[in-house]
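Scroll down for the structure; my scribbles are underneath it.
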Amino acid sequence: AQTVTQSQPEMSVQEAETVTLSCTYDTSESDYYLFWYKQPPSRQMILVIRQEAYKQQNATENRFSVNFQKAAKSFSLKISDSQLGDAAMYFCAYRSVREDMRFGAGTRLTVKP
Amino acid sequence: NAGVTQTPKFQVLKTGQSMTLQCAQDMNHEYMSWYRQDPGMGLRLIHYSVGAGITDQGEVPNGYNVSRSTTEDFPLRLLSAAPSQTSVYFCASSYSFVGTGANVLTFGAGSRLTVL
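From first to last, the protein sequence lines stand for chains A and B. Taking this note's numbering, I'd label the letters of the first sequence as residues 9 to 121. Taking this note's numbering, I'd label the letters of the second sequence as residues 55 to 170.
Okay, here's the thing in structure tokens:
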């Protein structure tokens, strides 16, 4: 089974600064999707950003961007100009075109004012 | 547009009791799934369905039962609750299981279940 690894259980960042969350995955598929989901204290799972494996260009959504290294099977999330509202649990996820979504264990991000 | 609706949001059970977590979506999604979330383990797939009348097991199916009689509804049943089933449960759906329609899951708000 494909696995997703988030090696940072907790991270902290000062407000207005930049933080990068790491994610690696294991797969033998060539066609797949990668995601970052945010889970605030409300418990709701919110899609932050997604990346199609066939696209070489890194996805960007406002202050959120990814560094997708397909050969290294790495998919990190960069949050620029961090805000207090970014404090949450962040999950990296993987899904191939024929399989269910798999999640990493999560990284808890704290934003310090 | 309600999206994915889960009920109840909170539930406390005694060991051996049974209950059903309800999940309904109004987006005409073919694919629906149930995950459980435990600290340090992320979300793990319990059961999933690729359409009405079709269900299959995920990573952690033991102790849970599902059925899919309509496109909209995908209930999760605990037949005899155990303390190990204390968790937060999420229902999620996507337009399809394969292809480009499969790539984004929409989640319900979650249900916190405590088994004493």
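We treat Cβ as the ideally placed atom computed from N, Cα and C, and that holds for glycine.
Report the CB separation of residue i from residue j in whole angstroms; it is logged as a contact under 8 angstroms.
i             : j            : result
residue 96/A  : residue 46/A : 5 angstroms
residue 114/A : residue 14/A : 6 angstroms
residue 35/A  : residue 81/A : 7 angstroms
residue 80/B  : residue 56/B : 5 angstroms
residue 77/A  : residue 67/A : Residue 77/A to residue 67/A, Cβ: 13 angstroms. No contact.
Skipping 5 residues on each side, what residues in its chain have a beta carbon closer than 7 angstroms to that of residue i?
i             : result
residue 13/B  : Because residue 13/B is not part of the residues shown, which for chain B are 55 to 170, the question remains open.
residue 78/B  : 59, 126 and 127
residue 133/B : 72 and 119
residue 37/A  : 104
Measure the alpha-carbon distance for residue i versus residue j and round it to whole angstroms.
i             : j             : result
residue 110/B : residue 131/B : 14 angstroms
residue 117/A : residue 127/B : 34 angstroms
residue 121/A : residue 21/A  : 9 angstroms
residue 104/B : residue 83/B  : 9 angstroms
Near residue i, which residues of its chain fall below 6 angstroms by C-beta distance, leaving aside the five closest residues on each side in sequence?
i             : result
residue 6/A   : Shown here, chain A extends from 9 to 121; a query on residue 6/A therefore has no answer.
residue 103/A : 41 and 109
Kindly examine the ligand FAD and report whether one of its heavy atoms sits closer than 7 angstroms to the Cβ of residue i.
i             : result
residue 115/A : With respect to small molecules bound, the structure shown includes none, and the ligand FAD cannot be examined in it.
Who are the neighbours of residue i on chain A, taking C-beta pairs under 9 angstroms?
i            : result
residue 94/B : 17, 113 and 114
residue 56/B : Ordered by position in chain A, no residue passes the 9 angstroms Cβ test against residue 56/B, which lies about 14 angstroms from the chain.
What in chain B is Cβ-close to residue i, meaning under 8 angstroms?
i            : result
residue 99/A : 96 and 97
Taking 8 angstroms as the limit between beta carbons, can you name the residues of its chain near residue i, skipping five residues before and five after?
i            : result
residue 63/B : 163, 164, 165 and 166
residue 74/B : 129, 130, 131 and 132
Under 7 angstroms between beta-carbons, which chain A residues line up against residue i? List them in chain order, please.
i             : result
residue 163/B : 51 and 52
List, in chain order, every chain B residue whose beta-carbon is nearer than 7 angstroms to that of residue i.
i            : result
residue 55/A : 158
TODO: Report yes or no: do the stretch 90-100 of chain B and the stretch 55-65 of chain A share at least 3 C-beta pairs separated by less than 8 angstroms?
DONE: No, because fewer than three Cβ pairs between the stretch 90-100 of chain B and the stretch 55-65 of chain A fall closer than 8 angstroms, the two stretches do not touch.
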